[in-house]
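Have a look at the structure below before the remarks.
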């Protein structure tokens, strides 16, 4: 009789653990999706700003290009979900349009202006396209996966975070 009670308690514990893991994964997935949407929106906004500047006919300034480059770097640094579609488009854009770009030459060279415009439009399209959230989120969640026995896998398995100076 006592063994049956222990078995029931163990089943209840496992069920509660599974429910908790599912809730945590759902919350992490929602946070990742929200973050990805925000990062994509920031990238699209930065590209649209430069695009509007180009389409207005005003000269392109180094500051605008520098802000765009910083936004791209920030997107890459925060791209935890490995958004390959946007990353691929960014790599193409940087190689085709940004490498060695002289903002002053854009005003003088219509072909360069057209290439830059096309590249910016492609990045905006990639950043605003519907994304395969479940695939991207699933890939990111595997980085934070917790085994049923409590062993961490992925980057989380590297060890505990260093203690913050505040906690010390």
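Residue numbers (my numbering): 303 to 470. Positions of the beta carbon are idealized from the N, C-alpha and C atoms, including for glycine. This one's a predicted model, so the numbers in the text were calculated from it and none came from an experiment.
CB contact flag (residue i, residue j, <9 Å)
{"i": "residue 388", "j": "residue 342", "result": "yes"}
{"i": "residue 353", "j": "residue 403", "result": "no"}
{"i": "residue 424", "j": "residue 377", "result": "no"}
{"i": "residue 391", "j": "residue 428", "result": "yes"}
{"i": "residue 386", "j": "residue 338", "result": "no"}
Cutoff 7 Å; reference residue i; Cβ partners in own chain excluding five residues on either side
{"i": "residue 373", "result": "344, 345, 348"}
{"i": "residue 350", "result": "426"}
Rounded straight-line distance, which links the Cα of residue j to that of residue i
{"i": "residue 455", "j": "residue 331", "result": "In this prediction, residue 455 scores a pLDDT of 47, lower than 50, which makes its location untrustworthy; the coordinate-derived value is nonetheless stated afterwards. Answer to the nearest angstrom: the Cα atoms are 17 Å apart."}
{"i": "residue 259", "j": "residue 363", "result": "The displayed coordinates of the chain run from 303 to 470. Any statement about residue 259 would go beyond what the structure contains."}
{"i": "residue 405", "j": "residue 329", "result": "43 Å"}
{"i": "residue 317", "j": "residue 368", "result": "52 Å"}
{"i": "residue 310", "j": "residue 333", "result": "35 Å"}
{"i": "residue 379", "j": "residue 313", "result": "42 Å"}
{"i": "residue 359", "j": "residue 420", "result": "15 Å"}
{"i": "residue 399", "j": "residue 324", "result": "44 Å"}
Selection from the options that minimises the alpha carbon distance to residue i
{"i": "residue 356", "options": "339, 410, 305, 429", "result": "410"}
{"i": "residue 418", "options": "430, 431, 315, 401", "result": "401"}
{"i": "residue 282", "options": "370, 315, 361", "result": "The displayed coordinates of the chain run from 303 to 470. Any statement about residue 282 would go beyond what the structure contains."}
Any non-hydrogen atom of the ligand FMN within 8 Å of residue i CB
{"i": "residue 381", "result": "In the structure shown, the ligand FMN is absent, as is every other ligand, since no ligand is present at all."}
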